[in-house]
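Undergrad: What follows is a single structure, and I will ask about it in a moment.
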Ligand SMILES: [Cu+2]
């Protein structure tokens, strides 16, 4: 798709017809697309629409305005996004703001996570027993796991390149439950864009990418013709839960017209590149690398692409992001830790999806029994958030469908505060309907007196998903200029299922052009 609103048609349609055979309902989402005034096309089931039922269809209609770069689309009902996802690339109308004149071609690489079991059942089982979910069986590059998994050598992704040329790599993390490290052996990667916003160029040997994030890289093919180099993706792990500790391999293969491909050459080359991959790929526990990489990303902030971070705010919401260990209900058995069951929460409220879409009930002014606007804007109790004993504290959560509301045009700050309940963990928080600016982050507890003084209000990264550091906090700022109902949730699907979510409403503005549009005629009904 091409950026802009003068030459390409104003309206873009996306056929949201159900695409998976075993599901009886679904919905899809264009992750990171701002959906200005068109929350109806945003996608999350029971938040902005009812699921699309079997044999029904729903056409997502929206404009692409002032966005360009790499995004993704994915299913947003149950765990269907495990296999229902793809790249959503908005080609810029203007030349790239980096040396793009030598760019040969593009290589999209979508990182995925594969279960041999039906993922709907994996989620259902987890919710039934209260235990953690079964871990995935493989990571994939463009759907292919590569030679390190049983019988999968033929299912290996290969990108063909020519020596001396520069390529754009569009990396998308569509995995369900894992942040990933990615590296290309013997090559330097240059980050130029994250979440469809240009950045200052960053040279790195590897990247950390959280589920829901996208990272656009330049790669200069500066090795010799005929070379072959591993592209590897492996998890960045902060959880004490079991995880899939495997690695997906693909290959970057240099063309060589003088030497025809033969298997002996290929095997020898692959042995050599395996060594250099180990050198480039961070260790799975490397929080130091993840932090350094995350801190290196800054908005481009040029005259043409300014960084519009709010330097003042109208409202600050501080919310814990937490795992919880819930007492087992009477007469049930729970298979979580110590005979209890796992949940997750924000400000100690575990999000419950309502029976009908929140956006629709808001639009029709029928919120009763669907949602309430009393999401606490501060943690209900102050305590040493990241220093409490992981299991001996009372970790029961409450349940509800609670949102908060802001005026159109508000400059909003949200501080996500990790906790050590159950364990400290990195959580990729995702905001719908708006990009945000990551003005500050740190380990330990957020200090409302000291920490804001150290905010980056010049060129903070602008994103739609940010990995809140394990045992730490992140402060984001939002220009709340998109009227509607917007979901905020952890993009680790397991945590969303457990309730690590909430939402906010942006009221209509004074002008007709600042109001939520009417619902489309084919909006699915619950
Ligand atoms: Cu999480």
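In the numbering used here, the protein residues as written are 151 to 676.
Cβ coordinates follow ideal geometry from the N, Cα and C atoms, glycine included.
What residues are listed by DSSP as bridge partners for residue 565?
TA: Counted from its first residue, the chain shown places residue 565 at position 415. Its beta-bridge partners are 468 and 625.
Undergrad: Within 10 angstroms of its Cβ, does residue 369 collect 16 or more other Cβ (buried), or is it exposed?
TA: Start at 1 with the first residue of the chain shown, and residue 369 comes out as number 219. Counting the other Cβ atoms within 10 Å of the Cβ of residue 369 gives 16 or more, which makes it buried.
Undergrad: Helix, strand or coil for residue 246? Go by DSSP, reduced to three states.
TA: Taking the chain shown and counting its residues from 1, the one referred to as residue 246 is at position 96. DSSP places residue 246 in coil when its eight states are reduced to three.
Undergrad: Can you tell me which of the three DSSP states residue 675 falls into?
TA: By 1-based counting over the chain shown, the position of residue 675 is 525. Residue state, collapsed to three classes: coil.
Undergrad: Within 10 angstroms of the Cβ of residue 582, are there 16 or more other Cβ atoms? Answer buried if so, exposed if not.
TA: Reading the chain shown from its first residue, position 432 is the one you call residue 582. So residue 582 counts as buried.
Undergrad: What whole-angstrom Cβ distance do residue 309 and residue 257 have, given they're in contact under 8 angstroms?
TA: Looking up residue 309 in the chain shown gives position 159. Looking up residue 257 in the chain shown gives position 107. The pair is a contact, with the Cβ atoms about 5 angstroms apart (cut-off 8 angstroms).
Undergrad: Would you say residue 639 touches ligand 1, meaning its beta carbon is less than 6 angstroms from a heavy atom?
TA: Indexing the chain shown from 1 puts residue 639 at position 489. No, the beta carbon of residue 639 sits no closer than 6 angstroms to any heavy atom of ligand 1.
Undergrad: In or out: residue 549 buried (at least 16 other Cβ within 10 Å) or exposed?
TA: As a first step, residue 549 is located in the chain shown; it is residue number 399 there, counting from the start. With fewer than 16 other Cβ atoms within 10 Å, it is exposed.
Undergrad: Out of curiosity, what's the CA-to-CA distance linking residue 426 and residue 378?
TA: The count along the chain shown starts at 1 and reaches residue 426 at position 276. The count along the chain shown starts at 1 and reaches residue 378 at position 228. So the two alpha carbons sit approximately 11 angstroms from each other.
Undergrad: What do you reckon, are the CB atoms on residue 239 and residue 209 nearer than 7 angstroms?
TA: Taking the first residue of the chain shown as position 1, residue 239 is located at position 89. Taking the first residue of the chain shown as position 1, residue 209 is located at position 59. Taking 7 angstroms as the Cβ cut-off, residue 239 and residue 209 do not qualify as a contacting pair.
Undergrad: Whole-angstrom Cβ separation of residue 496 and residue 471, contact assumed at under 8 angstroms?
TA: Here residue 496 refers to the residue found at position 346 of the chain shown. Here residue 471 refers to the residue found at position 321 of the chain shown. The pair is a contact, with the Cβ atoms about 6 angstroms apart (cut-off 8 angstroms).
Undergrad: Quick one: Cα of residue 537 to Cα of residue 569, how far?
TA: For the purposes of this step, residue 537 is identified with residue 387 of the chain shown, where counting begins at 1. For the purposes of this step, residue 569 is identified with residue 419 of the chain shown, where counting begins at 1. Their Cα atoms are separated by approximately 8 angstroms.
Undergrad: For the 8 angstroms Cβ check, are there 3 or more pairs between the region 492 to 510 and the region 529 to 547?
TA: yes
Undergrad: Please list, in chain order, all residues of the same chain as residue 440 whose beta carbon is under 7 angstroms from its beta carbon, the five residues on each side excluded.
TA: Translated into positions along the chain shown, residue 440 becomes position 290. Closer than 7 angstroms at Cβ, skipping near neighbours: 358 and 386.
Undergrad: Between residue 424 and residue 446, what straight-line distance do the alpha-carbon atoms span, to the nearest angstrom?
TA: On the chain shown, residue 424 is found 274 positions in, with the first residue counted as 1. On the chain shown, residue 446 is found 296 positions in, with the first residue counted as 1. Going from the Cα of residue 424 to the Cα of residue 446 covers about 27 angstroms.
Undergrad: Thinking residue 578 and residue 360 are a contact (beta carbons under 8 angstroms), I'd like their distance in whole angstroms, please.
TA: Here residue 578 is taken as the residue at index 428 of the chain shown, counted from 1. Here residue 360 is taken as the residue at index 210 of the chain shown, counted from 1. Sure, about 3 angstroms apart at Cβ, within 8 angstroms.
Undergrad: Quickly, what does DSSP pair residue 550 with across the bridge? List them, please.
TA: Taking the first residue of the chain shown as 1, we reach residue 550 at position 400. In the DSSP output, where bridge partners are listed per residue, residue 550 has 501.
Undergrad: Start and end of the alpha helix (DSSP H) containing residue 393?
TA: What you label residue 393 is simply residue 243 of the chain shown in a count that begins at 1. From DSSP, residue 393 is part of no alpha helix (DSSP H); its letter is neither H nor E.
Undergrad: Measuring only from the beta carbon, is residue 224 closer than 6 angstroms to any heavy atom that is part of ligand 1?
TA: If you number the chain shown from 1, residue 224 lands on position 74. Result no, Cβ not under 6 angstroms from ligand 1.
Undergrad: Please confirm whether any heavy atom of ligand 1 lies closer than 6 angstroms to the CB of residue 369.
TA: Here residue 369 corresponds to residue number 219 of the chain shown, with the count starting at 1. Not under cutoff, so the answer is no.
Undergrad: Can you find a heavy atom of ligand 2 that lies under 6 angstroms from the Cβ of residue 642?
TA: With respect to ligand 2, the structure shown offers nothing to examine, as its ligands consist of ligand 1.
Undergrad: Could you please give me the residues that DSSP links to residue 358 through a beta bridge?
TA: Against the chain shown, residue 358 aligns to sequence position 208. For residue 358, which the question treats as bridged, DSSP gives the partners 331.
Undergrad: So what does DSSP say about residue 612, is it helix, strand or coil?
TA: In the chain shown, counting from the first residue as 1, residue 612 sits at position 462. If DSSP states are grouped into helix, strand and coil, residue 612 belongs with the strands.
Undergrad: Rounding to the nearest angstrom, what Cα-Cα distance links residue 643 and residue 603 in this structure?
TA: Translated into the one-based positions of the chain shown, residue 643 becomes position 493. Translated into the one-based positions of the chain shown, residue 603 becomes position 453. So the alpha carbons of these two residues sit roughly 34 angstroms apart.
Undergrad: Check each candidate in 498, 514, 515 and 520 and name the one with the smallest Cα separation from residue 505.
TA: Here residue 505 corresponds to residue number 355 of the chain shown, with the count starting at 1. Nearest C-alpha to residue 505: 520.
Undergrad: Counting beta carbon pairs with one atom in the region 241 to 253 and one in the region 277 to 290, are three or more of them shorter than 8 angstroms?
TA: no
Undergrad: What residues are listed by DSSP as bridge partners for residue 640?
TA: As a working mapping, residue 640 is identified with position 490 in the chain shown. In DSSP, residue 640 forms a bridge with 579.
Undergrad: Tell me, to the nearest whole angstrom, how far the beta carbon of residue 478 is from that of residue 609; I am working on the premise that it is less than 8 angstroms.
TA: Numbered from 1 along the chain shown, position 328 holds the residue referred to as residue 478. Numbered from 1 along the chain shown, position 459 holds the residue referred to as residue 609. Between residue 609 and residue 478 the Cβ distance is about 49 angstroms, and since that is not below 8 angstroms, they are no contact.
Undergrad: Buried or exposed for residue 532, please, with buried defined as at least 16 other CB atoms from any protein chain shown within 10 angstroms of its CB.
TA: Mapped onto the chain shown, residue 532 falls at position 382. In this structure residue 532 is exposed. Its beta-carbon is surrounded by fewer than 16 other beta-carbon atoms within 10 angstroms.
Undergrad: From residue 403 to residue 266, what does the alpha carbon distance come to, in whole angstroms?
TA: As a working note, residue 403 is residue 253 in the chain shown. As a working note, residue 266 is residue 116 in the chain shown. Roughly 29 angstroms between the two C-alpha positions.
Undergrad: If we define contact as Cβ-Cβ less than 7 angstroms, is residue 645 a contact residue for chain D?
TA: Although the question refers to chain D, the structure presented lacks it and comprises just one protein chain.
Undergrad: DSSP state of residue 171, grouped into three classes?
TA: Within the chain shown, residue 171 is the residue found at index 21, counting from 1. At residue 171 the pLDDT is 36, less than 50, meaning the model places this residue with poor confidence and gives no usable figure here.
Undergrad: Tell me whether the beta-carbon of residue 450 lies closer than 7 angstroms to the beta-carbon of residue 189.
TA: Counting from one through the chain shown, the residue named residue 450 turns up at place 300. Counting from one through the chain shown, the residue named residue 189 turns up at place 39. Contact: no.
Undergrad: Using the C-alpha atoms, what's the distance from residue 362 back to residue 599?
TA: Walking along the chain shown from the start, residue 599 turns up at place 449. Walking along the chain shown from the start, residue 362 turns up at place 212. Each residue's alpha carbon lies about 32 angstroms from the other.
Undergrad: Hey, is residue 650 close to ligand 1, as in C-beta under 6 angstroms from one of its heavy atoms?
TA: As a first step, residue 650 is located in the chain shown; it is residue number 500 there, counting from the start. Yes.
Undergrad: Measure the alpha-carbon distance for residue 290 versus residue 348 and round it to whole angstroms.
TA: Locating residue 290 in the chain shown gives position 140, counting from the first residue. Locating residue 348 in the chain shown gives position 198, counting from the first residue. For the pair residue 290 and residue 348, the Cα-to-Cα distance works out to about 26 angstroms.
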